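Only one structure is covered here, and it is reproduced in the block below.
In the working numbering, the protein residues as written are 245 to 335.
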């Protein structure tokens, strides 16, 4: 299990298994995160990874363009932790 801290100072914390996407883990741990299609097509669950290693599955380039991917923006429904992470919710 990896520790996922949320916010500038990591004021919220939840756990996420390696095989669990961040959206599922966040919602399971009562984190307030928006969700939409849950398949990488709508962009509602967009977050930013501030620190840590992660794996991103396929998602729409329309909602997560290359320049955002390079800045560690990702969709929580298509992102898996590979280490402890610090993230920020955008919505």
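Each residue gets a CB set at the ideal place from its N, CA and C atoms; glycine is no exception. Note that this is a predicted model, so its numbers are computed, not measured.
Item to complete: State whether the segment 321-328 contacts the segment 286-299, with contact taken as three or more CB pairs (one from each stretch) at a distance under 8 angstroms.
Response: yes
Fill in: Inter-residue spacing [alpha-carbon to alpha-carbon] between residue 270 and residue 258
For this step, residue 270 is matched to residue 26 along the chain shown. For this step, residue 258 is matched to residue 14 along the chain shown. One C-alpha to the other measures close to 7 angstroms.
Fill in: As assigned by DSSP and simplified to three states, the class of residue 268
Counted from its first residue, the chain shown places residue 268 at position 24. Residue 268: helix per DSSP, three-state reduction.
Worksheet item: What did DSSP end up calling residue 313 once you bin it into helix, strand or coil?
Response: To locate residue 313, count along the chain shown from 1; it is residue 69. Residue 313 falls in the helix class under three-state DSSP.
Discussion item. Which residues does DSSP list as the beta-bridge partners of residue 318?
Written reply: Here residue 318 refers to the residue found at position 74 of the chain shown. Its beta-bridge partners are 291.
Fill in: Cα-Cα separation between residue 264 and residue 311, rounded to whole angstroms
Taking the first residue of the chain shown as 1, we reach residue 264 at position 20. Taking the first residue of the chain shown as 1, we reach residue 311 at position 67. Using only the alpha carbons, I get a separation of about 26 angstroms.
Fill in: Euclidean distance between Cα positions of residue 284 and residue 321
Translated into the one-based positions of the chain shown, residue 284 becomes position 40. Translated into the one-based positions of the chain shown, residue 321 becomes position 77. If you take the alpha carbons of residue 284 and residue 321, they lie about 7 angstroms apart.
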